[in-house]
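Undergrad: Sharing a structure below in structure tokens format, with a few things to ask.
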Amino acid sequence: MKPEKINRVKGTKDILPPAAALWREVEEVAREVFELYNFHEIRFPVFEKTEVFSKSIGDTSDIVEKEMYTFTDRGGESLTLRPEGTASVVRAFVENSLFNRPGVKKFYYMGPMFRAERPQAGRFRQFHQIGAEVFGTDDPSADAELILALLDFFEALNITGLELKLNSLGCPVCRPAYRDELASFLKSRIGSLCESCQRRVDKNPFRALDCKSKGCKQAVSDAPSIDRFLCGECKDSFQSVQNLLKDAGVSVTLDPRLVRGLDYYSRTAFEVTSSRLGAQDAVAGGGRYNSLVEQFGGPPTPAIGFALGMERLLTLVDAPENEPAPDAFLVAVGGEAEKEIFQLARRLRRDGFMVERGFGGGNLNNRMKKADKSGARFAVIIGDDEIANASATIKDLIKGTQKQVGLDEIPKTLEDDLLAPIEEQSEE
Ligand SMILES: [Zn+2]
Ligand SMILES: [Zn+2]
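Here it is, written out as structure tokens:
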């Protein structure tokens, strides 16, 4: 009996060629742009002790309450697949005493994250993020610069039609008053709130502001907004961020409802949205988290960061061209020639050519068909005649022309012909 096929887990995706090439390209652009800003790559495990996330993201957040992949390992320890990056970066920052490095510390990361969300269009249980974090300053110009790095990245990918939404979430001095006001407002319309917002109204009323349920959306439409509660320092900081962005030519939409789904934010919070994305329109988001490093046992270290979702981002990037094809496809006719092309393939690859060759024999016709199908620019054909005088026939599969060259001349010939325009040879 034929064994049953095994399929991938619901909510995961295979990234196949040529799509994978686009992923790599986007990742490379991210590296280039962020490194211009002196961000350095950090890599951290895909799983952590569960408290890394429950303590930082917040016990009452959707992520911790409903979406984490938490399991007990063989030693009885509770572990969780990382649902986001910031908590791990902070854990690594404290554990490795990165605060001892001089100056402002800037890191970026990229990789898979895991959340047990209800699978739906554009939502995956393994999804991918690129993120960046700045540690060691609460200067509002660091906030503006971080946002500019993110916008530069989108610009480098030619993504347009984005909107930057900005808010301040206040600080431990000014937020409690807002929180109380918001909580009593929500209690006055508790009946319209969804079950989980009702439950969280005391512990965390802010959640209702970005809850996706219809009732909550309606109930909070005229909720008090935070701006009139901000203390002087928060106000000044918020104004500076706005001014710096304005001076950089960035248009900003103030959004007092923007609270982000995580507990650890304070002051600056932002989102980048695209009108091309539908209801789930945020492609990136972030904010300041000035107390998180201390919460992890590190010294007081203000910080700010963002994360962007690769899957959503990629729906905004133009699809890749065709898959790259070999420069040359090597065709052997006869046993001696087989041996020769095996070695020739190795030499050409060492010279930097992308090379493929036929496997499994067949006559010349057969093998030339394989060469054509491979999409290669040139076929390099070696038969008995060529073996006899240490040469090869190079056929240009686009132009249809061919010539015989000595074995040693193959790399030079391929290189010259690859550089020559396809329409007609250069006059000079
Ligand atoms: Zn404040
Ligand atoms: Zn709700």
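Note that the working numbering has the sequence shown beginning at 346, numbered continuously upward. Glycine included, C-beta positions come from ideal geometry on N, C-alpha and C.
Return the Cβ separation of T598 and L509 in integer angstroms, given the expectation that the two are a contact with Cβ distance under 8 Å.
TA: Taking the sequence shown and counting its residues from 1, the one referred to as residue 598 is at position 253. Taking the sequence shown and counting its residues from 1, the one referred to as residue 509 is at position 164. Right, the Cβ-Cβ distance comes to about 7 Å (below 8 Å), so this counts as a contact.
Undergrad: Compare the C-alpha of F499 against each of I739, E668, L658 and name the closest.
TA: As a position in the sequence shown, residue 499 is number 154, starting the count at 1. Of the listed residues, the one whose Cα sits closest to F499 is L658.
Undergrad: With F392 and L426 assumed to form a contact (beta carbons below 8 Å), what rounded beta-carbon distance in angstroms separates them?
TA: By one-based count along the sequence shown, residue 392 stands at place 47. By one-based count along the sequence shown, residue 426 stands at place 81. With a Cβ gap of about 5 Å, F392 and L426 count as contacting.
Undergrad: Using the Cβ count rule (16 or more neighbours within 10 Å means buried), how would you classify P766?
TA: Numbered from its first residue, the sequence shown carries residue 766 at position 421. With fewer than 16 other Cβ atoms within 10 Å, it is exposed.
Undergrad: Classify I739 as buried or exposed, calling it buried when 16 or more other Cβ atoms lie within 10 Å of its own Cβ.
TA: Taking the first residue of the sequence shown as position 1, residue 739 is located at position 394. Per the 10 Å Cβ criterion, buried.
Undergrad: Let me check you understand the geometry: is the CB of E578 closer than 7 Å to at least one non-hydrogen atom of ligand 1?
TA: Here the question's residue 578 lines up with position 233 in the sequence shown. Correct: E578 has its Cβ closer than 7 Å to ligand 1.
Undergrad: Could you pull out every residue in the same chain whose Cβ sits closer than 6 Å to the Cβ of A690, ignoring the five residues on either side in sequence?
TA: By one-based count along the sequence shown, residue 690 stands at place 345. The answer, listed in chain order, is L675, V700, R702.
Undergrad: State the CB to CB distance for the pair A614 and G632, rounded to an integer number of angstroms; the pair is presumed to be in contact (CB under 8 Å).
TA: Mapped onto the sequence shown, residue 614 falls at position 269. Mapped onto the sequence shown, residue 632 falls at position 287. Indeed, because the Cβ distance is near 4 Å, the residues count as touching under 8 Å.
Undergrad: Got a sec, what are the start and stop residues for the alpha helix (DSSP H) G680 sits in?
TA: Within the sequence shown, the letter at position 335 stands for residue 680. Counting along the chain, the alpha helix (DSSP H) containing G680 begins and ends at 680-695.
Undergrad: Closest by CA to C579, which one among E760, V628, P485, F530?
TA: For this step, residue 579 is matched to residue 234 along the sequence shown. Closest by alpha carbon: P485.
Undergrad: Around the Cβ of K451, are there at least 16 other Cβ atoms within 10 angstroms (buried) or fewer (exposed)?
TA: Stepping through the sequence shown from its first residue, residue 451 is reached at position 106. Classification for K451: buried.
Undergrad: Hey, quick one: how far does the beta strand (DSSP E) through T738 stretch, first residue to last?
TA: Along the sequence shown, one-based indexing puts residue 738 at 393. 736-741 is the span of the beta strand (DSSP E), which, as asked, contains T738.
Undergrad: For the stretch 678-688 against the stretch 643-654, do three or more pairs of beta-carbon atoms, one drawn from each stretch, fall closer than 8 Å, so that the two count as touching?
TA: Output reads no: the stretch 643-654 does not touch the stretch 678-688.
Undergrad: Would you say N432 and S401 are within 8 Å of each other, going by their C-beta atoms?
TA: Reading the sequence shown from its first residue, position 87 is the one you call residue 432. Reading the sequence shown from its first residue, position 56 is the one you call residue 401. The sequence shown places Ala at residue 432, rather than the Asn named in the question. Result yes, Cβ atoms of A432 and S401 sit closer than 8 Å.
Undergrad: Does the Cβ-Cβ distance between S620 and G506 come in under 8 Å?
TA: For the purposes of this step, residue 620 is taken as residue 275 along the sequence shown, with counting starting at 1. For the purposes of this step, residue 506 is taken as residue 161 along the sequence shown, with counting starting at 1. Against a cut-off of 8 Å, the Cβ pair of G506 and S620 comes out as a contact.
Undergrad: Mind listing, in chain order, the continuous beta strand (DSSP E) runs of no fewer than 3 residues lying wholly within the stretch 619-664?
TA: Whole beta strand (DSSP E) segments, 3+ residues: 627-633, 648-654.
Undergrad: Identify which residue in K548, P428, Q543 has its Cα closest to the Cα of A564.
TA: Here residue 564 refers to the residue found at position 219 of the sequence shown. Cα-wise, what sits closest to A564 is Q543.
Undergrad: By a C-beta neighbour count over all protein chains shown, 10 Å radius and 16 as the cutoff for buried, is T618 buried or exposed?
TA: Within the sequence shown, the letter at position 273 stands for residue 618. Label assigned to T618: buried.
Undergrad: Alpha carbons only, please: which of V518, V397, E681, E639 is nearest the one belonging to D729?
TA: As a position in the sequence shown, residue 729 is number 384, starting the count at 1. Answer by Cα proximity: E681.
Undergrad: Figure out for me which residue from A724, G745, V439 has the closest Cα to the Cα of I755.
TA: Residue numbering aside, residue 755 sits at position 410 when the sequence shown is read from its first letter. Selected option, being the one with the closest Cα: A724.
Undergrad: Whole beta strand (DSSP E) runs in the stretch 493-560 with 3 or more residues, listed along the chain?
TA: Runs of the beta strand (DSSP E) inside the stretch 493-560: 507-513.
Undergrad: Do three or more CB pairs link the stretch 520-538 to the stretch 568-577 at distances below 8 Å?
TA: The stretch 520-538 is in contact with the stretch 568-577.
Undergrad: If you follow the alpha helix (DSSP H) that S401 is in, where does it begin and where does it stop?
TA: What you label residue 401 is simply residue 56 of the sequence shown in a count that begins at 1. Segment 395-402, the alpha helix (DSSP H) holding S401.
Undergrad: Is L538 near ligand 2, with its Cβ less than 7 Å from a heavy atom?
TA: If you number the sequence shown from 1, residue 538 lands on position 193. Yes - ligand 2 has a heavy atom lying nearer than 7 Å to the Cβ of L538.
Undergrad: In or out: M458 buried (at least 16 other Cβ within 10 Å) or exposed?
TA: The residue you call residue 458 lines up with position 113 of the sequence shown. Its Cβ being crowded by 16 or more others within 10 Å, M458 is buried.
Undergrad: Quick check: what's the CA-CA separation for F444 versus G430?
TA: Counted from its first residue, the sequence shown places residue 444 at position 99. Counted from its first residue, the sequence shown places residue 430 at position 85. Roughly 18 Å separates the two Cα atoms.
Undergrad: Can you tell me the Cβ-Cβ gap for V638 and F480, rounded? I've got them flagged as a contact below 8 Å.
TA: In the sequence shown, counting from the first residue as 1, residue 638 sits at position 293. In the sequence shown, counting from the first residue as 1, residue 480 sits at position 135. So it is a contact: roughly 7 Å between Cβ atoms.
Undergrad: Is the distance from the Cβ of D761 to the Cβ of A721 below 8 Å?
TA: The residue you call residue 761 lines up with position 416 of the sequence shown. The residue you call residue 721 lines up with position 376 of the sequence shown. No, Cβ-Cβ distance for D761 and A721 is not below 8 Å.
Undergrad: From the DSSP output, read off the bridge partner residues of T425.
TA: Your numbering for residue 425 matches position 80 in the sequence shown. Its beta-bridge partners are E393, T415.
Undergrad: So who's on the other strand from A724, going by DSSP bridges?
TA: As a working mapping, residue 724 is identified with position 379 in the sequence shown. Paired residues: F674, K740.
Undergrad: Flag V518 as yes when its Cβ comes closer than 7 Å to any non-hydrogen atom of ligand 1, and as no otherwise.
TA: Walking along the sequence shown from the start, residue 518 turns up at place 173. Yes - ligand 1 has a heavy atom lying nearer than 7 Å to the Cβ of V518.
Undergrad: Going by DSSP, which residues form a beta bridge with Q474?
TA: Locating residue 474 in the sequence shown gives position 129, where the first residue counts as 1. Paired residues: G456, G654.
Undergrad: Could one say the Cβ of I727 lies closer than 8 Å to chain C's Cβ atoms, at least one of them?
TA: Here chain C cannot be found, since the structure has a single protein chain.
Undergrad: Could you tell me how far apart the beta carbons of F389 and V434 are, in whole angstroms, since I believe they sit closer than 8 Å?
TA: Translated into the one-based positions of the sequence shown, residue 389 becomes position 44. Translated into the one-based positions of the sequence shown, residue 434 becomes position 89. That pair is a contact at about 7 Å.
Undergrad: Taking the runs of the alpha helix (DSSP H) that are 4 residues or longer, which of them lie wholly in the stretch 349-390?
TA: As far as the stretch 349-390 is concerned, its whole alpha helix (DSSP H) runs of at least 4 residues are 364-381.
Undergrad: Would the beta-carbon of G632 be found less than 7 Å away from any heavy atom of ligand 1?
TA: To locate residue 632, count along the sequence shown from 1; it is residue 287. For ligand 1, not one heavy atom lies less than 7 Å from the Cβ of G632.
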